[in-house]
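Quick note, the working numbering runs 10 ahead of the 1-based positions in the sequence shown.
Below: one structure, written as C-alpha cells.
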Amino acid sequence: LFPGNIGPSTGEMGTMMYWSAPNRIFNQTLKKLEQTLRREQYVGYLDLNCIVNHQGIYPLEFTARFGYPTISIQQEGLTTPMGALLYALAHGERIDLKAKSGFQIGVRIVVPPFPYEDPKFFEANSKDRVIIFKKPSLEGLHIEDVRTQNGEWIITGTSGVVLIVVGTGVTVRQAQAQVYNRIKNIMIPNMYYRDDIGERWFEDCDRLHAWGYLRDS
C-alpha cells in the first residue's frame, strides 16, 4: 500500500511500463503459444506474469483480458487510438500498433477505507467527496470509481479506488516527474498513493540486461 512495500497487500498501486519489439522473455514464453492460440482462433489481449532471475523465466499466470490499471497506462503509451485497437480485435483484423518511445508510469489514487471493505466508513468519510483540480488540466487522468454531477467529479462506488494518473517520458525520471506533478494538481480529502513507482527499474533494468532478457534472442 505504501512506499517501500510497507503496509497491507493491495495488488497494483502503480506500474512502470514501456512498449518494445519482441525480446527474449516474449520469445521464450508467449511466442511458443502462437500456433496453439492460432489453432484455437484466440483473438484478444493476453498477459503473462512472470518471475525471472539468472536461472530462468518462471510464468505465474495468464490474464486473457485488459487489466486495471494496465490498460490506462498502455493507452498513454500508444499513438494508435484505443478505439481502433478494440475495433480491430472485435473484427479479427490485424493492426499495426504505433507506440511512443520511452516510458509510462501510472499511479493509483485511493481513499479510505481502501484496501479494506467497510461500507459504513466509506459512506461517512469518502463517498460523494469532490475531486478538486488546482488547474483545469485533465491530461493523463483515468477514472475508476468517479461520477460527474453539476460539472464536478465526485467519488462513488464502494472500493475507495478513485483515479489512475499517468505520466510519460523518454526516460523513467521524466515519466516520474510528469506523473507526480499531475498528482500535485489533484486535491481529494484523505487521498493517498505511492510516491516511489518506477524506482525499482534502475536496478531491475541492470539485472535484466545482465541476464540477457531484454535482447531479441
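From the three backbone atoms N, C-alpha and C, an ideal C-beta is built for every residue, glycine too.
{"Asked": "Coarse secondary structure for W29, derived from DSSP in three states", "Found": "coil"}
{"Asked": "Nearest-angstrom beta carbon gap, P32 and D226 [assumed within contact, 8 Å]", "Found": "6 Å"}
{"Asked": "Inter-residue spacing [alpha-carbon to alpha-carbon] between L148 and I119", "Found": "14 Å"}
{"Asked": "Opposing strand residues paired with D57 [DSSP bridges]", "Found": "T73"}
{"Asked": "Span of the beta strand (DSSP E), counted from its first residue to its last, around R157", "Found": "156-159"}
{"Asked": "Test item: CB-CB of F76 and L56 under 8 Å", "Found": "no"}
{"Asked": "Outcome for R183 when other beta-carbon atoms lying within 10 angstroms are tallied against a minimum of 16", "Found": "exposed"}
{"Asked": "Bridge partners - T178, DSSP secondary structure assignment", "Found": "Q114"}
{"Asked": "Assumed close pair V140, I193 - CB separation to whole angstroms, cut-off 8 Å", "Found": "About 17 Å separates the two Cβ atoms, so there is no contact after all."}
{"Asked": "For W163: DSSP bridge partner residues", "Found": "I141, T158"}
{"Asked": "Straight-line gap, P146 to V62 (C-alpha atoms, nearest Å)", "Found": "42 Å"}
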